[in-house]
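Its first residue numbered 19, the sequence shown is counted upward by one per residue in this note's numbering. Where is the CB? At the ideal position from N, CA and C, for every residue including glycine. A quick write-up on the structure given underneath.
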Amino acid sequence: MKRLLPLVILSSALLASHAIATTGDHIYVQASKGSFNDAAITKLFEQQPALKAEVDFSGTPLNTFMQADLNDALAFSAVENSTINGRLVQATVEALQQYKVVGVKAFITTPIEMCVLMNSKDVKAKRSIALIASHPAALKQIDSWKQTLNAKELAVPEGTAAAAQRVSNGEMPDGTAAIGACVLEKVYPNLVVVEQGVQDNKNNKTSFLLMDVEKRVSPIGEADARKELEAAIKQGQKL
19 MKRLLPLVIL SSALLASHAI ATTGDHIYVQ ASKGSFNDAA ITKLFEQQPA LKAEVDFSGT
79 PLNTFMQADL NDALAFSAVE NSTINGRLVQ ATVEALQQYK VVGVKAFITT PIEMCVLMNS
139 KDVKAKRSIA LIASHPAALK QIDSWKQTLN AKELAVPEGT AAAAQRVSNG EMPDGTAAIG
199 ACVLEKVYPN LVVVEQGVQD NKNNKTSFLL MDVEKRVSPI GEADARKELE AAIKQGQKL
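Here is the structure:
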């Protein structure tokens, strides 16, 4: 964690940290390069250049929090999505059962546009989509578009970027399409965006927090973790 004043209660610590803490030179970001998280942190840096720092993509929220705490850095994670029942990102809630927020540095909400990406060889060969690969959550958000195809699905728990990388590397069957952020086309050289905006909810938005976190002495229950995350989001919205 970035060292701040001692934590008394969550709300007071968040206020105090915003007033006195400065951003470190390193941020651990949930997910991987080319993910929606990557696009969100890039947008945050554009909006608030003073926050810009080196980033290290860290996979799950739990690992992101752990790395930030161990390396005296900040954590950037998705916290809320407009399409989720209850809105809070469950993986982040679970991470907060083991780690606590001691400071909120920034809050950002970005639209989530699902793009369809294929290997350039498949595009040149004009192959039809036979397999759709992406993170399970992304696959659940493209039902209307999927109905227009006769394609199988492959869940890639590692994330949308991982699915896209495999398609780019030719590690998937011919005719495989990855679902993810359009920026993946720039991250992996063999990818081509063949369709944009295929998500069911055209108002799909995800919110992210840039946070200072630390390991709890003892884990807390899910209900308490959800309350703490909601409090952190409210604080972030005031920044």
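Residue i - containing alpha helix (DSSP H), residue span
i: residue 245; result: 240-256
i: residue 178; result: 178-186
i: residue 164; result: 161-164
Backbone CA spacing between residue i and residue j [nearest angstrom]
i: residue 143; j: residue 136; result: 11 Å
i: residue 112; j: residue 249; result: 15 Å
i: residue 243; j: residue 99; result: 17 Å
i: residue 237; j: residue 117; result: 8 Å
i: residue 223; j: residue 246; result: 21 Å
i: residue 71; j: residue 186; result: 28 Å
i: residue 149; j: residue 234; result: 42 Å
i: residue 60; j: residue 197; result: 20 Å
i: residue 239; j: residue 106; result: 15 Å
i: residue 179; j: residue 52; result: 6 Å
i: residue 207; j: residue 241; result: 43 Å
i: residue 252; j: residue 211; result: 36 Å
i: residue 89; j: residue 81; result: 12 Å
i: residue 140; j: residue 203; result: 14 Å
i: residue 121; j: residue 168; result: 48 Å
i: residue 257; j: residue 50; result: 26 Å
i: residue 205; j: residue 217; result: 21 Å
i: residue 123; j: residue 158; result: 31 Å
i: residue 66; j: residue 219; result: 28 Å
For residue i, three-class secondary structure by DSSP
i: residue 154; result: helix
i: residue 122; result: strand
i: residue 43; result: coil
i: residue 203; result: helix
i: residue 171; result: strand
i: residue 55; result: helix
i: residue 108; result: helix
i: residue 60; result: helix
i: residue 31; result: Because residue 31 carries a pLDDT of 41, less than 50, the predicted location of this residue cannot be relied on, and the following value inherits that uncertainty. DSSP places residue 31 in helix when its eight states are reduced to three.
N-terminal and C-terminal residue of the beta strand (DSSP E) that residue i is part of
i: residue 144; result: First-last for residue 144: undefined, no H or E at that position.
i: residue 225; result: 223-233
i: residue 136; result: 133-137
i: residue 101; result: Careful: residue 101 lies outside any beta strand (DSSP E) and carries neither H nor E.
i: residue 213; result: 209-214
i: residue 49; result: No beta strand (DSSP E) holds residue 49; DSSP gives it neither H nor E.
i: residue 198; result: 194-198
Supposed contact pair residue j and residue i - C-beta distance, whole angstroms, cut 8 Å
i: residue 152; j: residue 109; result: Actually they are not in contact, since the Cβ atoms of residue 152 and residue 109 sit about 16 Å apart, beyond 8 Å.
i: residue 7; j: residue 119; result: In the structure as shown, the chain begins at 19 and stops at 257. Residue 7 is therefore absent and cannot be evaluated.
i: residue 74; j: residue 97; result: Not quite, the Cβ-Cβ distance comes to about 19 Å (not below 8 Å), so this is no contact.
i: residue 131; j: residue 255; result: Not confirmed; about 23 Å, so no contact.
i: residue 57; j: residue 173; result: In fact, because the Cβ distance is near 22 Å, the residues do not count as touching under 8 Å.
i: residue 147; j: residue 193; result: 6 Å
i: residue 231; j: residue 86; result: 6 Å
Heavy atom of the ligand PLP within 6 Å of residue i beta-carbon
i: residue 104; result: For the structure depicted, the ligand PLP is absent and the ligand set is empty, with no information on it obtainable.
Only counting runs of 3 or more residues, tell me where the beta strand (DSSP E) segments fall wholly within the segment 64-97, in order along the chain. 72-75
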